[in-house]
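Numbers 7 to 235, taken from this note's numbering, label the letters of the sequence shown in order.
Accompanying notes for the structure given below.
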Amino acid sequence: MYKASFKPLYLIFDQFEELYILGAKTEQQQFINTVQEILRVEQPVKIILSIREEYLGHLYEFERQVPELLRKKLRVEPMNLDKVKTVIQGGQPATEQRAPASRRGEEDIAEGVLKNTRGGKTLHIPLPYLQVFLDKYYLHTTGDEDHQQEAILTLATLEGMGDIGDVLRDFLDEQVLKIAQALQQQPETIWHILSPFVTLEGTKEPLSAAALYRPDSDPASSTAWCRSW
């Protein structure tokens, strides 16, 4: 690939904790060996690992065998109010000089987004929540699912959206409905497949395709659709 384009090859592993930490020891060692081999041959290959901060300690053995692992790192922080204001203001049509009323409106919208998405008393917004919320804000404003139309964000639209819990529920319902329609299945079948991935505490439960089959499940609705996914 490099000889065809003379550009470095980038291998990007998002949510690396799910790929590496939750894998078997043999899988972890195999991955480490592959990284060591890439470093040994000195080819123009760059590896980017995206991992949640609380899982960094689990990379001890990886770093022991590959000391270069954390030599170059960047911390992506949650969004605070000032950063949300920057996003809102940067997304609005640019003008030579905004009127005071326009600036005040942008600040009110930014504060409203922060209030609706942060949850509890925290002063920060998880980036996935902000991404989903702003996308829904755009769709509520324009109705354009192709994301081509310019949007003028207003406080009135924001106030009619509800908080992040409402938005996330709507988002998940919409995704399940789209998947069900694409697979020509009932939404209940999709929920049946998704439910094992959530614990009783509401946290994520990673599972393999094989583990999704349960004795009390209908094989036609479990194993068959696991393979298609």
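Virtual Cβ for every residue (Gly too), placed ideally from N, Cα, C.
Just so it is clear, the structure is predicted and the values come from calculations on it, not from any experiment.
Span of the alpha helix (DSSP H), counted from its first residue to its last, around residue i
i: L164; result: L161 to E165
i: Y135; result: L133 to T148
i: Y66; result: Y66 to Q71
Other residues of its chain near residue i: CB distance less than 8 angstroms, five sequence neighbours each side excluded
i: L312; result: No information on residue 312 is available, as it lies outside the stretch 7 to 235 that the chain covers here.
i: L183; result: P193
i: T163; result: Y143, H146 and T147
Helix, strand or coil at residue i [DSSP, three-state]
i: Y9; result: One point to set straight first is that residue 9 is Lys, not Tyr, in the sequence displayed. Helix.
i: I27; result: helix
i: K91; result: helix
i: A216; result: helix
i: I199; result: helix
i: I54; result: strand
i: V47; result: helix
i: V82; result: coil
i: P106; result: Reliability fails at P106, whose pLDDT of 46 lies under 50, so the model's placement of it is uncertain and the value that follows must be treated cautiously. Helix, per DSSP.
Cut-off 6 angstroms between Cβ atoms - residues of its own chain near residue i, not counting five sequence neighbours on either side
i: V41; result: V72
Beta-carbon spacing of residue i, residue j below 8 angstroms
i: L174; j: V138; result: yes
i: H186; j: I199; result: The amino acid at residue 186 is misidentified as His; the sequence shows Ala. Cβ distance not < 8 angstroms, so A186 and I199 don't count as in contact.
i: L136; j: M85; result: yes
i: L17; j: I53; result: yes
i: K91; j: E112; result: yes
First and last residue of the uninterrupted beta strand (DSSP E) at residue i
i: I185; result: Per DSSP, I185 belongs to no beta strand (DSSP E); it is in the alpha helix (DSSP H), I170 to L189.
i: L17; result: L15 to F19
Rounded distance between the beta-carbons of residue j and residue i, thought under 8 angstroms
i: L159; j: I94; result: 7 angstroms
i: L15; j: P50; result: 7 angstroms
Contact set for residue i: own chain, Cβ-Cβ below 7 angstroms, skip 5 residues either direction
i: Y26; result: Q34 and F37
i: E151; result: L145
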